[in-house]
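Please read the structure below before turning to the comments.
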Amino acid sequence: MDLSFNDYLLVFIIITSGLLLLFPQALSGGVKTINIKNAVLLMNREKCVILDVRNEEKFNLGHIPNAINIPFSELSNTMDKLKKESNKTILVYCNSGNSSGKAMKFLSQKEFVSVMSIEGGFSEWTKSQLPVSQTNL
Numbered sequence: 000m001d002l003s004f005n006d007y008l009l010v011f012i013i014i015t016s017g018l019l020l021l022f023p024q025a026l027s028g029g030v031k032t033i034n035i036k037n038a039v040l041l042m043n044r045e046k047c048v049i050l051d052v053r054n055e056e057k058f059n060l061g062h063i064p065n066a067i068n069i070p071f072s073e074l075s076n077t078m079d080k081l082k083k084e085s086n087k088t089i090l091v092y093c094n095s096g097n098s099s100g101k102a103m104k105f106l107s108q109k110e111f112v113s114v115m116s117i118e119g120g121f122s123e124w125t126k127s128q129l130p131v132s133q134t135n136l
């Protein structure tokens, strides 16, 4: 039985598809994400830490209620703020989801048990017309 190139290609595609179905984190680069709806459900069910990694100016203009602000650029220098929360679920967000994914990976490497990035970030939160808090200066 002679196998052609197309046969090998088909086997490769089937194996690759199966692996991606079994390990979906490979598609996201290891970033665990949660959509807005499930994030709200989790916030209402559990005592979560909501971490805004945008800069202070953007945080002051508007943020998810009860969020704490540690800009991504300062995260490695301010780990003491979060260490006592390492056993809680941490929901990280930025404006669109890019920096929060990096922050999620960083925190996961620092032995935080459950860290997730909110899909779409703050822009998706406001687009969904969910409550927003502002910091009075």
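Read in numbering that gives the first Met the number 0, the sequence shown has 54 at position 55, and its numbers run on one by one without any break. The C-beta atom is built at its ideal place from N, Cα and C for all residues, glycine as well.
Who are the near neighbours of Glu55 in its chain, counting only those whose CB is closer than 7 Å to its CB and skipping five residues on each side? Asn68 and Pro70
Within the segment 58-134, ranges of the beta strand (DSSP E) (whole runs, at least 3 residues): 88-92 and 113-117
Using 8 Å as the threshold, is the segment 43-52 in touch with the segment 122-132, meaning 3 or more CB pairs across them? no
Pick from Ile13, Thr32 and Ile12 that is closest to Glu118, judged by C-alpha positions: Thr32
Between Val114 and Val91, how many whole angstroms is the CB-CB distance? I'm expecting something under 8 Å. 6 Å
Taking the Cβ atom as the reference point for each residue, do Val39 and Leu106 lie within a distance shorter than 8 Å? no
Starting from Val52, trace the alpha helix (DSSP H) both ways and give me its first and last residue. Here Val52 belongs to no alpha helix (DSSP H), and DSSP marks it neither H nor E.
Cα separation between Asn86 and Gly61? 27 Å
Inspect the beta-carbon positions of Ser127 and Ile35 and report whether they are closer than 8 Å. yes
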